[in-house]
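Everything on this sheet refers to the single structure shown next.
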Amino acid sequence: MPHCISSTDVDAAYERVKPYVTRTPVLTSSFFSSLSDRDVQFKCEAFQKTGSFKFRGATNATRMYIEGGGGAAVVTHSSGNHAQALALAGSMNSIPAHIIMPNNAPEAKRRAVEETYKANVTLCDPTKRQETADGVLASLDGAEFIHPSEDPRVIAGQGTVSKELIEQCGEPLDVVIIPVGGGGLASGNSVALRAAWGDNVKIVLAEPEIVDDAKRSFESGELQGHEGGVAKPSVADGLKTTLGPNTFPIVKDLCDDIMTVSEKEILRCTKLVWERMKVMIEPSAGVGVGVLISDEFKQKYPADKYKRVGVVLCGGNVDVGKTIVKMQEMGL
């Protein structure tokens, strides 16, 4: 099945978003390098504008909309990081952003989108997001819908994480670990990594064990939804979205493995990064760290052969109080 983007699209996105995004640092940690017996490079997207990698894709899509002659408004549905990212991308480009958010979205996130980033927020029943978005689109002549993970412009923009990582690391990495939910980050970066390092790099995706649709899709070769049709609650709430028809073919063709992490281990690794690296990641970023130090990873990718490892810390939009309570409930 043909892919919706190529490395040329990622290269173009890289140049397009440069004036807007933060070139996030790559950090090392003697603690995690010792714990994993590897040279570990952490790409810290928690330091990106709006607190996650999502700003890259939102900016690329918004700029391409403008370059194509658009300017009326950008529209999306999201309760999380993409909502904030598109709101800021619209604001920075003087374009109204209309964000459809479920009426059960956290108040803090709604206020950030509406008050901090000055977007127009429409609340809706969680099951009617697309229907509500379609209604908003119909009322705005010339407006553009930008899907959080399936829009090829977004996918290409997310791939710029690895464009930076490749430059910053110099020498090729043996493995790159990337969190996966809807697959925009995973697919965009897989395209960039394969173009730069070919089959010399192993691409391992990290997913919460409780919402393992990507792993099941990867292993079966067919796109799978949530078991029972509904996502189970996970502390890594940014990774509960399923892969789609644009992201899945790229993941299936370009990635080497998908590993899952338990809820307790996600929280433990999140806490370890807080304490040892002093970086306030969200639990969705802790999933990749969980894979790094897991027995499964050590067995499949022994340190004597796969010494240099990159881990994408995808974001830092964390409700610290609630997360600490969950850690305490888990005995951490």
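Using our numbering, read the sequence shown as starting at 174 and increasing by one per residue. For each residue, glycine too, the CB sits at the ideal point set by N, CA and C. Please read all numbers here as calculations on a predicted model, not as lab measurements.
**Study point:** Classification of residue 229 by the beta-carbon crowding that lies within 10 angstroms, buried from 16 upward
**Key:** For the purposes of this step, residue 229 is taken as the residue at position 56 of the sequence shown. With 16 or more Cβ atoms within 10 Å of its Cβ, residue 229 is classed as buried.
Review point. Do residue 338 and residue 381 have their CB atoms nearer than 8 Å?
Key: Walking along the sequence shown from the start, residue 338 turns up at place 165. Walking along the sequence shown from the start, residue 381 turns up at place 208. Cβ atoms of residue 338 and residue 381: not closer than 8 Å.
Exercise for review: For residue 327, I'd like the list of residues in its chain whose CB is within less than 6 Å of its CB, leaving aside the five on either flank, ordered along the chain.
Suggested key: Counting from 1 along the sequence shown, the entry for residue 327 is found at position 154. Listed in chain order, the non-local C-beta contacts of residue 327 below 6 Å within the same chain comprise 230, 234, 357, local neighbours out to five positions each way being set aside.
Check your understanding: If you compare alpha carbons, which of 375, 286, 395, 409 is closest to residue 384?
Key -> In the sequence shown, the residue the question calls residue 384 occupies position 211. The shortest Cα separation from residue 384 among 375, 286, 395, 409 belongs to 409.
Check your understanding: With a CB to CB cut of under 6 Å and the five nearest residues on each side skipped, what residues in its chain are close to residue 262?
Key -> Indexing the sequence shown from 1 puts residue 262 at position 89. Answer for residue 262: 231, 232, 235, listed in chain order.
**Study point:** the region 342 to 352 / the region 474 to 486 touching (three or more Cβ pairs under 8 Å)
**Key:** Yes: at least three Cβ pairs fall under 8 Å.
Point to revise | Counterpart residues of residue 214 in DSSP-defined beta bridges | key: Here the question's residue 214 lines up with position 41 in the sequence shown. The partner list for residue 214 (beta bridge, DSSP) reads 483.
Point to revise | Residue from 244, 256, 406, 283 whose Cα sits closest to the Cα of residue 225 | key: Counted from its first residue, the sequence shown places residue 225 at position 52. Among 244, 256, 406, 283, the Cα nearest to that of residue 225 is on 256.
**Study point:** Per DSSP, the bridge partner or partners of residue 430
**Key:** The residue given as residue 430 occupies position 257 in the sequence shown. Paired residue(s): 377.
Review point. Going by the beta-carbon positions, is the gap between residue 201 and residue 221 smaller than 8 Å?
Key: What you label residue 201 is simply residue 28 of the sequence shown in a count that begins at 1. What you label residue 221 is simply residue 48 of the sequence shown in a count that begins at 1. Contact: no.
Review point. Residue range of the beta strand (DSSP E) that residue 293 falls in?
Key: As a working note, residue 293 is residue 120 in the sequence shown. 293 to 297 is the span of the beta strand (DSSP E), which, as asked, contains residue 293.
Check your understanding: Which first and last residues belong to the alpha helix (DSSP H) in which residue 450 is found?
Key -> Stepping through the sequence shown from its first residue, residue 450 is reached at position 277. Per DSSP, the unbroken alpha helix (DSSP H) holding residue 450 starts and ends at 436 to 450.
Check your understanding: So which of 274, 281, 314, 297 has the shortest CA-CA distance to residue 321?
Key -> Here residue 321 refers to the residue found at position 148 of the sequence shown. Residue 274 is the option with its Cα nearest to residue 321.
Check your understanding: Helix, strand or coil: which one does DSSP assign to residue 505?
Key -> Against the sequence shown, residue 505 aligns to sequence position 332. Reduced to three states, the DSSP call for residue 505 is coil.
Review point. Would you say residue 297 and residue 289 are within 8 Å of each other, going by their C-beta atoms?
Key: For the purposes of this step, residue 297 is identified with residue 124 of the sequence shown, where counting begins at 1. For the purposes of this step, residue 289 is identified with residue 116 of the sequence shown, where counting begins at 1. Their beta carbons are not under 8 Å apart, which means residue 297 does not touch residue 289 by this criterion.
Point to revise | Boundaries of the alpha helix (DSSP H) in which residue 309 is found, first to last residue | key: Your numbering for residue 309 matches position 136 in the sequence shown. Judged by DSSP secondary structure, residue 309 falls within the alpha helix (DSSP H) whose first and last residues are 302 to 312.
Practice item. List in chain order: all unbroken alpha helix (DSSP H) runs of 4+ residues lying wholly within the region 222 to 254. Key: Qualifying alpha helix (DSSP H) stretches, in chain order: 227 to 240.
**Study point:** CB-CB length for residue 467 against residue 436, believed under 8 Å
**Key:** Here residue 467 refers to the residue found at position 294 of the sequence shown. Here residue 436 refers to the residue found at position 263 of the sequence shown. A Cβ-Cβ distance of about 14 Å is found for the pair residue 467 and residue 436, leaving them out of contact under the 8 Å criterion.
Review point. Cα-Cα, which of 218, 265, 204 is closest to residue 212?
Key: Along the sequence shown, read from residue 1 onward, the residue named residue 212 stands at position 39. The residue among 218, 265, 204 with its C-alpha nearest the C-alpha of residue 212 is 204.
Check your understanding: Which two residues bound the contiguous alpha helix (DSSP H) that contains residue 368?
Key -> Here residue 368 refers to the residue found at position 195 of the sequence shown. 357 to 370 is the extent of the alpha helix (DSSP H) around residue 368.
Point to revise | Own chain partners of residue 245 with C-beta closer than 7 Å, once the 5 adjacent residues on each side are dropped | key: Indexing the sequence shown from 1 puts residue 245 at position 72. Around residue 245: 313, 314, 315, 316.
Review point. Touching or not, the region 185 to 196 and the region 437 to 447, by the rule of three or more beta carbon pairs under 8 Å?
Key: Touching, no, given that fewer than three Cβ pairs across the two stretches are closer than 8 Å.
Check your understanding: Touching or not, the region 456 to 471 and the region 483 to 500, by the rule of three or more beta carbon pairs under 8 Å?
Key -> Touching, yes.
Check your understanding: Within this structure, are the beta carbons of residue 353 and residue 183 separated by less than 8 Å?
Key -> Along the sequence shown, one-based indexing puts residue 353 at 180. Along the sequence shown, one-based indexing puts residue 183 at 10. Between residue 353 and residue 183, the gap from beta carbon to beta carbon reaches 8 Å or more.
Exercise for review: Measure the C-alpha to C-alpha separation of residue 341 and residue 308 and round it to an integer number of angstroms.
Suggested key: Position 168 of the sequence shown, counted from the start, is the residue given in the question as residue 341. Position 135 of the sequence shown, counted from the start, is the residue given in the question as residue 308. Going from the Cα of residue 341 to the Cα of residue 308 covers about 44 Å.
**Study point:** Option nearest residue 190 by Cα separation, candidates 216, 242, 333
**Key:** For this step, residue 190 is matched to residue 17 along the sequence shown. Taking only the C-alpha atoms, the option nearest residue 190 is 333.
**Study point:** Selected residue, minimal CA-CA separation from residue 176, among 425, 218, 430
**Key:** For the purposes of this step, residue 176 is taken as residue 3 along the sequence shown, with counting starting at 1. The residue with the shortest Cα to Cα distance from residue 176 is 425.
Review point. Skipping 5 residues on each side, what residues in its chain have a beta carbon closer than 6 Å to that of residue 459?
Key: Indexing the sequence shown from 1 puts residue 459 at position 286. Excluding residues within five positions, the ones whose Cβ falls inside 6 Å are 439, 442, 443.
Check your understanding: Which residues share a DSSP beta bridge with residue 271?
Key -> In the sequence shown, counting from the first residue as 1, residue 271 sits at position 98. According to DSSP, which records beta bridges pairwise, residue 271 is partnered with 248, 293.
Check your understanding: Mind checking residue 299: buried by the 16 CB within 10 Å criterion, or exposed?
Key -> Within the sequence shown, residue 299 is the residue found at index 126, counting from 1. Label assigned to residue 299: exposed.
Check your understanding: For residue 488, which of helix, strand or coil comes out of DSSP?
Key -> Reading the sequence shown from its first residue, position 315 is the one you call residue 488. Correct three-state label for residue 488: strand.
**Study point:** Alpha-carbon to alpha-carbon, residue 415 and residue 399
**Key:** For the purposes of this step, residue 399 is identified with residue 226 of the sequence shown, where counting begins at 1. For the purposes of this step, residue 415 is identified with residue 242 of the sequence shown, where counting begins at 1. If I take the Cα positions, the gap works out to 7 Å.
Check your understanding: Among 330, 239, 278, 448, which has the Cα closest to the Cα of residue 266?
Key -> Counting from one through the sequence shown, the residue named residue 266 turns up at place 93. Residue 266 has its Cα closest to that of 239, out of 330, 239, 278, 448.
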